[in-house]
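Using the working numbering, the first residue of the sequence shown is number 8, and each one after it goes up by one.
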Amino acid sequence: MEKKYDVLIIGGGPGGYSAALYCARAGLSTLVLEMLSAGGQMATTPQVDNYPGFDDGIDGFELGEKMLAGAERFGAETRFAEVTKLEWKGAEKIAHTSDGDFSARTVILAMGAGPKKLGLAEEELLTGRGVAYCAACDGMQYKGKTVAVAGGGNSAVADALTLSKLCKKVYLVHRRDMLRADKVYLDAISAAGNIEIVWNARIDAFLHHEKFEGLSITDTVTKKTYSLACDGVFVAVGRTPNTWLVRGALEMDEQGYIAADETTCTSVGGVFAVGDIRAKPLRQIVTAVADGAVASKFVQEYLLKGV
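Listed below in structure tokens is the structure:
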């Protein structure tokens, strides 16, 4: 190990780089370990319109690079490496990576959460080109258009309601004949006026040529296949937190998110969780950034105790 840091941050998304900025600015030696590129999931979003300060919006990759530069301005370091194992031995926290081992007195977990996918052919290819996973992030791209939402739970219905305020028509495509969403959402669907529920519908393929054209669907009851024309589809079939590194080592909720309240403190001293990886009511760039700032405060308090 080259040196021991005050803070290791696992994940270079908005939560991670916000924490890095605040920690480095407070004079703490700070290292961010990121597997791919600055920005995390945000970097795959071509247009971010709901992050304050950019009146024309900003490309997610560009925003990630700006966050990295802001943290590095105050001395934060970044290593692009995959973390393969995390362990803590009392006061020492160690990250084993593809680029060597790094240790610190504290760790901030910022690995995020990813959307569950439909698992269809060309899903990766069409992501950002007709296939989306966040109505709040990408809905404005479909203003005045017709879209579909895949799913039947609270998240899917919430996305459909968000899109109904922007889009001409919203199809809510569900595999069963009854939604899993709470009644309050069902009443709101009825009131929306431009949401149509497509029952017993299994999405088999995306239809596209020069642009996205719709969905190929099989009726799960009649077994008949038909096409549903739309300009895009929002997949809302759940999310998966990237917590495999710490599974069994930290307290988590029943969905696998790390149990960390508004202090971002976890069940292990000196280990903090920020952004989409922790249990919280809203997962957005701004809430991840807020978590990063909060974590820096409690990291400093922990270090002042001289643990």
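By construction, the Cβ of each residue, glycine as well, lies at the ideal position given by its N, Cα and C atoms. Treat the numbers as computed from the prediction; the structure is a model and nothing was measured.
{"Asked": "Start and end residues, alpha helix (DSSP H) containing R80", "Found": "G67 to R80"}
{"Asked": "Cα-Cα separation between E130 and V138, rounded to whole angstroms", "Found": "7 Å"}
{"Asked": "Touch test, the region 139 to 157 against the region 172 to 185, Cβ-Cβ under 8 Å, three pairs minimum", "Found": "yes"}
{"Asked": "Range covered by the alpha helix (DSSP H) that runs through Y192", "Found": "K190 to A199"}
{"Asked": "Every unbroken alpha helix (DSSP H) within the region 100 to 186, with a cutoff of 4 residues, ordered by chain", "Found": "130 to 133, 142 to 145 and 161 to 171"}
{"Asked": "Pair within 9 Å by beta-carbon distance, N249 and A120", "Found": "yes"}
{"Asked": "Per-residue DSSP class, three states only, for R32", "Found": "helix"}
{"Asked": "Proximal residues to A142 (C-beta, below 6 Å), its chain only, five neighbours per side dropped", "Found": "D166, T169, L170 and F241"}
{"Asked": "Proximity below 9 Å, CB of E7 to CB of T104", "Found": "Lying before the first or after the last residue shown, residue 7 is absent from the chain, which here runs from 8 to 314."}
{"Asked": "Local conformation of E258 per DSSP, three classes", "Found": "coil"}
{"Asked": "Backbone CA spacing between D62 and L214 [nearest angstrom]", "Found": "34 Å"}
{"Asked": "Given I40 as reference, the closest of G18, S223 and D298 once Cα atoms are compared", "Found": "Note that residue 40 is Leu in the sequence shown, not Ile. The candidate whose alpha carbon is nearest that of L40 is G18."}
{"Asked": "Of the listed residues V244, E261, E99 and C237, nearest to R136 (C-alpha basis)", "Found": "C237"}
{"Asked": "Neighbourhood of V296 by C-beta, 6 Å cutoff - its chain only, sequence neighbours within 5 removed", "Found": "P21 and S25"}
{"Asked": "Neighbour flag for K11 against chain B, beta carbons, 9 Å", "Found": "Looking at the structure shown, chain B is missing, and only one protein chain is on hand."}
{"Asked": "Range of the contiguous beta strand (DSSP E) that encloses G277", "Found": "Neither: G277 is in no beta strand (DSSP E) and is coded neither H nor E."}
{"Asked": "Beta-bridge pairing of P248 - partner residues as DSSP gives them", "Found": "A120"}
{"Asked": "Minimum C-alpha distance to G97 - residue among D106, R112 and A286", "Found": "R112"}
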